[in-house]
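The next block holds one structure in the form of structure tokens; read it before the comments.
There are 2 protein chains.
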Amino acid sequence: METINILLVDDHTLIREGLKLILKKNKQFKIIGEASNGVEALEFLEKNAAKTHVMLLDITMPELDGFEVAKVVKKKYPDLKVLALTMHNEESYITKMIDVGVHGYVLKDSNLDDLSSAIKTILDDKPYYSSDVSAVMINSLMNKDKQKDNNAIDNLTEREKEIIHLISDGYKSSEIADKLELSTRTIEVHRRNLMKKLEVKNTAELVSYVLKSKLIS
Amino acid sequence: METINILLVDDHTLIREGLKLILKKNKQFKIIGEASNGVEALEFLEKNAAKTHVMLLDITMPELDGFEVAKVVKKKYPDLKVLALTMHNEESYITKMIDVGVHGYVLKDSNLDDLSSAIKTILDDKPYYSSDVSAVMINSLMNKDKQKDNNAIDNLTEREKEIIHLISDGYKSSEIADKLELSTRTIEVHRRNLMKKLEVKNTAELVSYVLKSKLIS
DNA sequence: TTTAATATACGTATTTATACTTAGTGATTT
DNA sequence: AAATCACTAAGTATAAATACGTATATTAAA
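Protein chains in written order, with the working numbering: chain A, 305 to 521; chain B, 305 to 521.
The structure is reproduced here in structure tokens:
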């Protein structure tokens with residue numbers, strides 16, 4: 305059983321102390337550094353990145369927040385695992401952290417077992433998300449879908465959907481006409497109708513609209 | 305404790321029989337109908353939708369598959385809860401079912417407890433997804449993000465990102481020029497450079513590219 | 001059965017986007 | 001000091017998209 309070296313990053317001293325006490329219960333864990341903001345954390349890593357295995361990272365911090373830190377770490381120290389630690393259970397935070405390349409995400413009301421298994425899971429190169437977090441993700445996917453209802457996209461015809469798909473793939477009207485064996489004029493009319501139905505001004509906004517509304521993936 | 309009326313839709317007789325036996329263990333559940341394909345299921349609902357509470361729906365079926373059935377049901381019978389039941393644990397299936405408006409999704413290797421709580425959860429107007437499914441979702445989000453790395457988008461300059469954002473919002477070059485107090489020609493150069501860097505042919509593909517790569521949300 | 005919607009197609013005109021070339025300036029790097 | 005890069009800008013020319021109007025055959029819905 306090898307020692308796991310941990311860097312603790314949180315702006316609240318009390319929370320850092322608490323985490324230290326919790327982590328001490330598992331003798332495998334060793335806290336080799338602490339930082340109270342992003343700048344300090346990156347300074348520590350400048351010298352000690354090689355021996356650091358896991359970074360426990362708070363999201364909301366002064367100076368340089370967790371998002372920015374995670375971005376930098378991912379680029380400069382790709383081997384270092386980052387476990388986001390936060391009280392925020394909102395979708396925007398979670399997706400943003402995932403986007404930024406965090407390996408795991410645990411809520412601050414987790415217990416020692418959760419934390420231990422999170423650390424071990426991400427060291428094993430698997431993502432870890434506490435169950436509450438998963439629930440939020442699924443929920444948000446559901447809600448996004450609800451938004452999709454009742455909107456203008458339902459009024460598109462099959463032909464229009466077909467054409468909008470080809471437009472998004474970068475085909476110009478003449479190419480679409482060839483593909484579907486139709487006149488270029490017909491495709492142009494479909495474009496006009498599509499823009500009118502979806503109330504957009506040009507091709508760019510049209511593509512943007514359909515992609516955001518998830519008609520096309 | 306009210307009776308919950310269930311419609312069972314699966315093309316394999318053996319699976320239907322098995323499900324009936326499993327569901328019989330809970331006296332609250334009552335199977336009021338069966339169907340071996342989508343067409344039969346919709347025919348049953350034509351007459352009995354009012355008294356049907358939950359539809360247990362297999363995805364892979366002949367004639368009319370689960371996706372299509374779910375679509376129709378959502379439109380015609382919005383109060384009827386649909387629980388997708390399948391052995392497929394792949395991301396494409398799951399996201400597609402969510403898109404189509406299914407209320408819950410359970411794998412066929414679940415046990416009675418899972419099934420019962422799934423049914424009760426969706427009747428309570430909450431989404432239900434078995435834990436394995438959640439894991440797949442999170443994983444797919446992670447993987448999408450990994451794809452994003454190493455791609456051409458990292459090479460874009462701040463100005464280019466700013467402009468591509470405005471393009472996606474439907475602004476034409478002259479409008480972007482006004483907004484940023486630059487020459488229209490400058491914007492045109494940026495567009496050219498963007499298309500060259502991202503190896504796309506036109507505006508449509510450009511917008512499609514950046515949205516899919518999640519540079520813009 | 002009339003109505004409405006869909007898909008098809010052409011004409012004309014204007015506006016945008018795209019292609020190719022050249023070039024100055026300021027900041028950064030080697 | 002020289003080279004590189006990001007940003008800026010212009011000239012010229014063609015291709016594509018957009019904005020109008022008009023029209024017809026088919027199909028779905030009232």
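Every residue gets a Cβ at the ideal spot worked out from N, C-alpha and C, and that includes glycine.
Computed from a prediction, not measured in an experiment: that's the story for all the values here.
Checklist entry - Excluding sequence positions up to five away, which residues of its chain have a Cβ less than 6 Å from the Cβ of residue 378 (chain A)? => result In the first sequence, residue 378 (chain A) corresponds to position 74, counting from 1. So the list reads 405, once near-sequence residues are dropped.
Next on the checklist: Can you tell me whether residue 516 (chain A) is helix, strand or coil according to DSSP?
Outcome noted: Along the first sequence, one-based indexing puts residue 516 (chain A) at 212. Judged by DSSP in its simplified three-state form, residue 516 (chain A) adopts helix.
Next on the checklist: Can you confirm whether residue 515 (chain A), when its beta carbon is compared against all beta carbons of chain B, has any partner nearer than 8 Å?
Outcome noted: Numbered from its first residue, the first sequence carries residue 515 (chain A) at position 211. For residue 515 (chain A), the closest Cβ of chain B is nearer than 8 Å.
Next on the checklist: On the DSSP bridge list, what partners appear for residue 309 (chain B)?
Outcome noted: If you number the second sequence from 1, residue 309 (chain B) lands on position 5. Answer is B:334, bridged to residue 309 (chain B).
Next on the checklist: Can you pull the chain A neighbours of residue 506 (chain B), defined as C-beta to C-beta under 7 Å?
Outcome noted: The residue you call residue 506 (chain B) lines up with position 202 of the second sequence. Those within 7 Å of residue 506 (chain B) in chain A are 474 and 476.
Next on the checklist: Pairs of beta-carbons, one from the segment 366–385 of chain B and one from the segment 339–346 of chain B, closer than 8 Å: are there three or more?
Outcome noted: Three or more beta-carbon pairs drawn from the segment 366–385 of chain B and the segment 339–346 of chain B are found closer than 8 Å, and the two stretches are therefore classed as touching.
Next on the checklist: So, for residue 384 (chain B): in the same chain, excluding its five sequence neighbours on each side, which residues have a beta-carbon less than 8 Å away from its beta-carbon?
Outcome noted: The residue given as residue 384 (chain B) occupies position 80 in the second sequence. Closer than 8 Å at Cβ, skipping near neighbours: 349, 353, 356, 357, 358, 359 and 377.
Next on the checklist: If I follow the unbroken alpha helix (DSSP H) through residue 499 (chain B), where does it start and stop?
Outcome noted: Here residue 499 (chain B) is taken as the residue at index 195 of the second sequence, counted from 1. Note, residue 499 (chain B): alpha helix (DSSP H), 488–502.
Next on the checklist: Against chain A, which members of the segment 340–374 of chain B pass a CB distance test of less than 9 Å?
Outcome noted: When C-beta distances to chain A are compared with 9 Å, every residue of the segment 340–374 of chain B stays at or above that value.
Item to check | For residue 385 (chain B), the three-state DSSP class (helix, strand or coil) | outcome: In the second sequence, counting from the first residue as 1, residue 385 (chain B) sits at position 81. Assignment of residue 385 (chain B) by DSSP, reduced to helix, strand and coil, places it in the strand class.
Item to check | Of the listed residues A:311, A:328 and A:460, nearest to residue 388 (chain A) (C-alpha basis) | outcome: Mapped onto the first sequence, residue 388 (chain A) falls at position 84. Nearest neighbour of residue 388 (chain A) by Cα position, chosen from A:311, A:328 and A:460, turns out to be A:311.
Checklist entry - Leaving out the 5 sequence neighbours to the left and right, which residues in its chain are closer than 6 Å to residue 420 (chain A) when beta-carbon positions are compared? => result Here residue 420 (chain A) is taken as the residue at index 116 of the first sequence, counted from 1. Its chain contains 330 as the residues whose beta carbon lies nearer than 6 Å to that of residue 420 (chain A), once the 5 sequence neighbours on both sides are disregarded; these appear in chain order.
Item to check | Distance, residue 470 (chain B) Cα to residue 484 (chain B) Cα | outcome: The count along the second sequence starts at 1 and reaches residue 484 (chain B) at position 180. The count along the second sequence starts at 1 and reaches residue 470 (chain B) at position 166. As the crow flies, the alpha-carbon of residue 484 (chain B) is around 10 Å from that of residue 470 (chain B).
Item to check | Alpha carbon of residue 390 (chain A) to alpha carbon of residue 401 (chain A), nearest angstrom | outcome: As a working mapping, residue 390 (chain A) is identified with position 86 in the first sequence. As a working mapping, residue 401 (chain A) is identified with position 97 in the first sequence. Cα to Cα, residue 390 (chain A) sits roughly 11 Å from residue 401 (chain A).
Item to check | Contact with chain B by residue 509 (chain A), beta-carbon distance below 8 Å | outcome: Sequence index remark: in the first sequence, residue 509 (chain A) carries index 205 (1-based). With 8 Å as the cut-off, residue 509 (chain A) counts as an interface residue toward chain B.
Checklist entry - Is there at least one Cβ from chain B nearer than 8 Å to residue 480 (chain A)'s Cβ? => result In the first sequence, the residue the question calls residue 480 (chain A) occupies position 176. The Cβ of residue 480 (chain A) sits no closer than 8 Å to any Cβ of chain B.
Checklist entry - Does the beta-carbon distance from residue 566 (chain B) to residue 474 (chain A) come in below 8 Å? => result Any answer about residue 566 (chain B) is impossible in this case: the structure gives chain B only from 305 up to 521.
Checklist entry - Is residue 334 (chain A) closer than 8 Å to residue 307 (chain A) when the C-beta atoms are compared? => result Position 3 of the first sequence, counted from the first residue, corresponds to residue 307 (chain A). Position 30 of the first sequence, counted from the first residue, corresponds to residue 334 (chain A). For residue 307 (chain A) and residue 334 (chain A), yes; Cβs fall inside 8 Å.
Checklist entry - Sorted by chain position, which residues of the same chain lie with C-beta nearer than 8 Å to residue 364 (chain B)'s C-beta, five sequence neighbours on each side aside? => result Along the second sequence, read from residue 1 onward, the residue named residue 364 (chain B) stands at position 60. The answer, listed in chain order, is 315, 370, 390 and 392.
Item to check | For residue 407 (chain A), the nearest candidate out of A:323, A:430 and A:398 (CA to CA) | outcome: As a first step, residue 407 (chain A) is located in the first sequence; it is residue number 103 there, counting from the start. Nearest C-alpha to residue 407 (chain A): A:430.
Item to check | chain B contact for residue 434 (chain A) (CB, 8 Å cutoff) | outcome: Here the question's residue 434 (chain A) lines up with position 130 in the first sequence. Residue contact with chain B for residue 434 (chain A): absent (no Cβ-Cβ distance below 8 Å to any residue of chain B).
Item to check | Whole-angstrom C-beta distance between residue 409 (chain A) and residue 433 (chain A), which should lie under 8 Å | outcome: The count along the first sequence starts at 1 and reaches residue 433 (chain A) at position 129. The count along the first sequence starts at 1 and reaches residue 409 (chain A) at position 105. About 5 Å separates the Cβ atoms of residue 433 (chain A) and residue 409 (chain A), confirming a contact at the 8 Å cut-off.
Checklist entry - Within 10 angstroms of its Cβ, does residue 337 (chain A) collect 16 or more other Cβ (buried), or is it exposed? => result Taking the first sequence and counting its residues from 1, the one referred to as residue 337 (chain A) is at position 33. In the assembly as shown, residue 337 (chain A) is a buried residue. Its beta-carbon has 16 or more other beta-carbons within 10 Å.
Checklist entry - Since residue 364 (chain B) sits in a beta bridge, which residues does DSSP pair it with? => result Reading the second sequence from its first residue, position 60 is the one you call residue 364 (chain B). Paired residue(s): none; residue 364 (chain B) is not in a bridge.
Item to check | For residue 506 (chain B) and residue 476 (chain A), believed in contact at Cβ under 8 Å, the rounded distance | outcome: Taking the first residue of the first sequence as 1, we reach residue 476 (chain A) at position 172. Taking the first residue of the second sequence as 1, we reach residue 506 (chain B) at position 202. About 6 Å; that satisfies the 8 Å criterion.
Checklist entry - For residue 459 (chain A), which residues from the same chain have a beta carbon less than 8 Å from its beta carbon, with the 5 sequence-adjacent residues on both sides left out? => result Position 155 of the first sequence, counted from the start, is the residue given in the question as residue 459 (chain A). Excluding sequence neighbours, residue 459 (chain A) sits near 501.
Item to check | Endpoints, alpha helix (DSSP H) assigned at residue 408 (chain A) | outcome: As a first step, residue 408 (chain A) must be located in the first sequence, where it is residue number 104. Looking at the DSSP string, residue 408 (chain A) is not in any alpha helix (DSSP H); the run it does join, the beta strand (DSSP E), is 408–411.
Item to check | Neighbourhood of residue 488 (chain A) by C-beta, 6 Å cutoff - its chain only, sequence neighbours within 5 removed | outcome: Here residue 488 (chain A) is taken as the residue at index 184 of the first sequence, counted from 1. 477, 478 and 481, listed in sequence order.
Checklist entry - In three-state DSSP terms, what is residue 359 (chain A)? => result Here residue 359 (chain A) corresponds to residue number 55 of the first sequence, with the count starting at 1. Residue 359 (chain A): strand per DSSP, three-state reduction.
Item to check | Residue of B:415, B:426 and B:398 minimising C-alpha distance to residue 325 (chain B) | outcome: Within the second sequence, residue 325 (chain B) is the residue found at index 21, counting from 1. The option with the nearest alpha carbon to residue 325 (chain B) is B:415.
Next on the checklist: Please report the straight-line C-alpha distance between residue 466 (chain A) and residue 425 (chain A), rounded to a whole angstrom.
Outcome noted: On the first sequence, position 162 is the one that residue 466 (chain A) refers to. On the first sequence, position 121 is the one that residue 425 (chain A) refers to. Put simply, the backbone Cα of residue 466 (chain A) is about 43 Å away from that of residue 425 (chain A).
Item to check | Start-to-end residues for the alpha helix (DSSP H) that takes in residue 316 (chain B) | outcome: Counting from one through the second sequence, the residue named residue 316 (chain B) turns up at place 12. Taken as a continuous stretch (DSSP letters only), residue 316 (chain B) belongs to no alpha helix (DSSP H), as it is neither H nor E.
Checklist entry - Of all the CB atoms in chain B, is at least one closer than 8 Å to the CB of residue 420 (chain A)? => result Mapped onto the first sequence, residue 420 (chain A) falls at position 116. Not an interface residue.
Checklist entry - What's the C-alpha gap between residue 332 (chain B) and residue 313 (chain B)? => result Here residue 332 (chain B) refers to the residue found at position 28 of the second sequence. Here residue 313 (chain B) refers to the residue found at position 9 of the second sequence. Roughly 19 Å between the two C-alpha positions.
Item to check | residue 397 (chain B) versus residue 375 (chain A) - alpha carbon distance | outcome: One-based indexing of the second sequence puts residue 397 (chain B) at position 93. One-based indexing of the first sequence puts residue 375 (chain A) at position 71. The alpha-carbon of residue 397 (chain B) is positioned some 31 Å away from that of residue 375 (chain A).
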